[in-house]
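Colleague:
Here it is, written out as structure tokens:
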């Protein structure tokens with residue numbers, strides 16, 4: 032008789048990069064239960080999911096057992112994990128590698144439609160699920176669209192759809208709501224709740240607990256121990272105290288707030304229109320970003336935000352066919368967009384997805400002065416740049432998991448939890464003191480204390496002449512100094 036117990040952990044400890052992330056955890060998960068795992072940044076949520084999937088070993092391998100597995104099965108065969116950075120299968124949706132491929136909108140031989148990509152994950156017995164799942168997640172009309180042309184939020188939903196159509200016996204979800212607008216978050220929660228699959232969901236403490244959750248584990252106790260575990264109703268009071276504690280630490284003193292004063296035009300777009308394969312993405316957009324201005328770029332998934340940002344960053348080939356100026360100059364003879372790009376700081380879901388994880392934190396931060404994601408050549412690592420990195424990391428020391436900022440700088444990026452990786456990329460965008468700062472969903476995976484530090488830096492320390500464009504679907508993540516709004520819908524400006 033097959034056991035109903037998914038996993039049994041007995042005094043399970045996990046050490047990564049010399050640090051005990053999880054210590055002496057006792058946990059039993061039944062296949063009929065639906066768990067939410069939460070905790071502050073660096074508490075071990077992602078590591079626990081990796082242990083459950085069998086991709087990260089516990090210090091004592093015998094401390095983790097899978098009673099439900101058959102004699103010839105191993106965890107990775109029947110347990111699927113989906114994380115904020117992709118699904119771990121080479122994610123072809125993400126393999127439309129960064130801006131150049133998406134914004135050229137090429138249909139290369141290896142490009143696929145969403146329908147084909149989803150069908151590759153489905154077995155013959157459940158191919159009919161493709162349209163059903165796509166429609167449920169609001170992707171039905173995009174089934175025959177190129178993966179390269181999906182927006183961030185659409186790509187995220189496509190990754191979830193691919194995981195669902197594979198019908199795994201167990202599905203582990205690491206912050207699946209990252210980058211989704213409110214309507215898409217509700218839709219995804221409903222779809223997940225309707226699944227006939229065992230679910231384990233990792234979230235931030237400030238995220239809502241789905242009403243279909245039956246059990247909860249709160250991590251982040253002293254030395255990697257669990258804080259609470261059990262049925263949701265019994266653990267919610269503990270989570271509420273954790274939330275209040277985080278918000279108390281994150282209370283922001285907004286006196287003497289630096290209100291930026293607008294200066295000269297940095298980016299000017301007039302009647303900007305962009306279409307891919309006959310489909311309009313942006314239509315007659317007029318936008319001027321002045322030095323010192325602070326913008327919140329709004330709009331549902333697929334409204335054209337990412338394409339508009341690519342133009343502002345000087346990183347879209349179709350800007351040459353439009354009336355776009357950078358610091359009063361049009362790209363062309365005598366002025367290269369590469370000159371403008373050196374004056375820009377930027378972080379986004381795409382950057383997180385494609386940034387090399389083998390670099391040290393220090394190398395990642397110094398690459399802000401590089402022409403690519405790769406480490407800065409030693410000849411260009413100046414004392415001044417090293418000093419700027421050290422000073423910024425010291426300023427954000429309260430938001431990192433390591434007590435020693437210098438030791439943290441030497442850690443490998445891939446050894447950090449996803450939220451802390453995003454913090455590194457935020458610092459990378461800030462460190463060279465850019466003229467234009469573009470922060471696209473910068474706080475995904477972060478907790479209240481880290482977000483608070485970022486708010487304080489942006490509101491009080493950012494140079495008054497730095498222009499900021501901030502993108503988020505969570506209004507409480509917007510810094511207080513942001514006082515302008517541009518809202519897109521269907522590729523058109525509807526407010527701004």
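Numbering (our numbering), first residue to last: 32 to 527. Ideal Cβ positions, reconstructed from N, Cα and C, are used throughout, including at glycine. The structure displayed is predicted, hence computed values, not measured ones.
Can you tell me where the alpha helix (DSSP H) holding residue 487 begins and where it ends?
Modeller: Counted from its first residue, the chain shown places residue 487 at position 456. Here the alpha helix (DSSP H) through residue 487 covers 479 to 487.
Colleague: Going straight from the alpha carbon of residue 521 to that of residue 183, what length do you get?
Modeller: Taking the chain shown and counting its residues from 1, one reaches residue 521 at position 490. Taking the chain shown and counting its residues from 1, one reaches residue 183 at position 152. Taking the straight line joining both Cα atoms gives about 15 Å.
Colleague: Identify every residue that forms a DSSP beta bridge with residue 390.
Modeller: For this step, residue 390 is matched to residue 359 along the chain shown. None, per the DSSP bridge assignment.
Colleague: Mapping the DSSP letters down to three states, classify residue 437 as helix, strand or coil.
Modeller: Walking along the chain shown from the start, residue 437 turns up at place 406. Of the three classes helix, strand and coil, the one that applies to residue 437 here is helix, per DSSP.
Colleague: Between the Cα of residue 595 and the Cα atoms of 242, 273, 272, 453, which residue gives the shortest distance?
Modeller: Since the first residue shown for the chain is 32 and the last is 527, residue 595 is missing from the structure and cannot be characterised.
Colleague: Excluding sequence positions up to five away, which residues of its chain have a Cβ less than 6 Å from the Cβ of residue 199?
Modeller: Position 168 of the chain shown, counted from the start, is the residue given in the question as residue 199. Taken in chain order, the residues that qualify are 111.
Colleague: Does the Cβ of residue 180 have 16 or more other Cβ atoms within 10 Å, making it buried, or fewer, making it exposed?
Modeller: One-based indexing of the chain shown puts residue 180 at position 149. Result: buried.
Colleague: Going by DSSP in three states, residue 504 sits in which element: helix, strand or coil?
Modeller: Locating residue 504 in the chain shown gives position 473, where the first residue counts as 1. Correct three-state label for residue 504: coil.
Colleague: Cβ atoms of residue 233 and residue 197: under 9 Å apart, would you say?
Modeller: Position 166 of the chain shown, counted from the first residue, corresponds to residue 197. Position 202 of the chain shown, counted from the first residue, corresponds to residue 233. No; because the gap between Cβ atoms is not below 9 Å, this pair is not in contact.
Colleague: Keeping to the same chain, check which residues put their C-beta closer than 6 Å to that of residue 523; ignore five residues upstream and five downstream.
Modeller: Along the chain shown, one-based indexing puts residue 523 at 492. Here the set comprises 314.
Colleague: Would you mind giving the Cβ-Cβ distance between residue 451 and residue 482, rounded to the nearest angstrom? I have them listed as a contact below 8 Å.
Modeller: Stepping through the chain shown from its first residue, residue 451 is reached at position 420. Stepping through the chain shown from its first residue, residue 482 is reached at position 451. The pair is not a contact, with the Cβ atoms about 13 Å apart (cut-off 8 Å).
Colleague: Can you give me the start and stop residues for the alpha helix (DSSP H) that residue 342 sits inside?
Modeller: By one-based count along the chain shown, residue 342 stands at place 311. 336 to 343 is the extent of the alpha helix (DSSP H) around residue 342.
Colleague: Using CA atoms only, rank isn't needed, just tell me which of 61, 471, 265 is closest to residue 575.
Modeller: As displayed, the chain neither begins before 32 nor continues past 527, which places residue 575 out of reach and without an answer.
Colleague: Compute the distance between the beta-carbons of residue 396 and residue 462, then report whether it is under 9 Å.
Modeller: In the chain shown, residue 396 corresponds to position 365, counting from 1. In the chain shown, residue 462 corresponds to position 431, counting from 1. It is a contact, given that the beta carbons lie within the stated cut-off.
Colleague: Measuring CB to CB, does residue 250 end up less than 9 Å from residue 76?
Modeller: Counting from one through the chain shown, the residue named residue 250 turns up at place 219. Counting from one through the chain shown, the residue named residue 76 turns up at place 45. The answer is yes: Cβ separation under 9 Å.
Colleague: Work out the CA separation of residue 448 and residue 549 for me, nearest whole Å.
Modeller: With the chain covering only 32 through 527, there is no way to say anything about residue 549.
Colleague: Kindly list the residues whose CB is nearer than 8 Å to the CB of residue 49, restricted to its own chain and excluding five residues on each side of it in sequence; keep chain order.
Modeller: Counted from its first residue, the chain shown places residue 49 at position 18. Same-chain partners within the cutoff: there are none.
Colleague: Starting from residue 183, follow the alpha helix (DSSP H) in both directions and report where the run begins and ends.
Modeller: As a working note, residue 183 is residue 152 in the chain shown. Taken as a continuous stretch (DSSP letters only), the alpha helix (DSSP H) holding residue 183 covers 183 to 196.
Colleague: Tell me where the beta strand (DSSP E) around residue 299 begins and ends.
Modeller: Position 268 of the chain shown, counted from the start, is the residue given in the question as residue 299. Looking at the DSSP string, the run of the beta strand (DSSP E) that includes residue 299 is 296 to 307.
Colleague: With 16 other CB atoms within 10 Å as the buried threshold, where does residue 217 fall?
Modeller: Reading the chain shown from its first residue, position 186 is the one you call residue 217. Residue 217 should be labelled exposed.
Colleague: So what's residue 382 in DSSP terms, helix, strand or just coil?
Modeller: Position 351 of the chain shown, counted from the start, is the residue given in the question as residue 382. Residue 382 falls in the helix class under three-state DSSP.
Colleague: How long is the line joining the alpha carbons of residue 129 and residue 399, rounded to whole angstroms?
Modeller: The sequence position of residue 129 within the chain shown is 98, counting from 1. The sequence position of residue 399 within the chain shown is 368, counting from 1. Residue placement at residue 129 cannot be trusted, given a pLDDT of 47 that sits under 50; what the coordinates show is reported in the next sentence. Approximately 17 Å, taken between the alpha carbons.
Colleague: If you reduce the DSSP assignment to three classes, tell me which class residue 271 lands in.
Modeller: By 1-based counting over the chain shown, the position of residue 271 is 240. In the structure shown, residue 271 sits in a helix (DSSP, three-state: H, G or I).
Colleague: When we look at the beta-carbon of residue 410 and count the other beta-carbons within 10 Å, is it buried (16 or more) or exposed?
Modeller: Here residue 410 corresponds to residue number 379 of the chain shown, with the count starting at 1. Exposed, because fewer than 16 other Cβ atoms sit within 10 Å of the Cβ of residue 410.
Colleague: The alpha helix (DSSP H) spanning residue 318 covers which residue range?
Modeller: Here the question's residue 318 lines up with position 287 in the chain shown. Unbroken run through residue 318 is the beta strand (DSSP E), 310 to 321; no alpha helix (DSSP H).
Colleague: Determine which residues share a DSSP beta bridge with residue 43 and list them.
Modeller: The residue you call residue 43 lines up with position 12 of the chain shown. DSSP output for residue 43 lists 56 as bridge partner(s).
Colleague: Which residue marks the beginning of the beta strand (DSSP E) containing residue 164, and which one marks its end?
Modeller: Residue 164 sits at position 133 when you count from the first residue of the chain shown. No beta strand (DSSP E) contains residue 164, which is instead part of the alpha helix (DSSP H) from 160 to 167.
Colleague: Output the boundary residues of the alpha helix (DSSP H) element that contains residue 77.
Modeller: Locating residue 77 in the chain shown gives position 46, counting from the first residue. Start and end: 76 to 84.
Colleague: Span of the beta strand (DSSP E) holding residue 347?
Modeller: On the chain shown, residue 347 is found 316 positions in, with the first residue counted as 1. Unbroken run through residue 347: none, as it is neither H nor E.
Colleague: Got a sec? Which residues, its chain only, sit under 6 Å from residue 74 by beta carbon, not counting five neighbours each side?
Modeller: As a position in the chain shown, residue 74 is number 43, starting the count at 1. Within the same chain, residue 74 has close Cβ partners 250, 251.
Colleague: What is the rounded straight-line gap between the Cα of residue 498 and the Cα of residue 515?
Modeller: Taking the first residue of the chain shown as 1, we reach residue 498 at position 467. Taking the first residue of the chain shown as 1, we reach residue 515 at position 484. Roughly 11 Å separates the two Cα atoms.
Colleague: Would you kindly work out how many angstroms separate the C-alpha atoms of residue 265 and residue 177, rounded to a whole number?
Modeller: For the purposes of this step, residue 265 is identified with residue 234 of the chain shown, where counting begins at 1. For the purposes of this step, residue 177 is identified with residue 146 of the chain shown, where counting begins at 1. Rounded to the nearest angstrom, the two C-alpha atoms are 46 Å apart.
Colleague: For the 8 Å Cβ check, are there 3 or more pairs between the region 94 to 102 and the region 39 to 48?
Modeller: Counting Cβ pairs under 8 Å, three or more are found: they touch.
Colleague: Note down, in chain order, each residue of its chain lying with its Cβ closer than 7 Å to the Cβ of residue 484, except the 5 sequence neighbours on either side.
Modeller: Position 453 of the chain shown, counting from 1, holds the residue named residue 484. So the list reads 427, 429, 430, once near-sequence residues are dropped.
Colleague: Report yes if the C-beta distance between residue 297 and residue 519 is below 9 Å; otherwise report no.
Modeller: Taking the chain shown and counting its residues from 1, the one referred to as residue 297 is at position 266. Taking the chain shown and counting its residues from 1, the one referred to as residue 519 is at position 488. Not closer than 9 Å, so no.
Colleague: I'd like to check one pair, residue 273 with residue 260: are the Cβ atoms closer than 9 Å?
Modeller: The sequence position of residue 260 within the chain shown is 229, counting from 1. The sequence position of residue 273 within the chain shown is 242, counting from 1. No.
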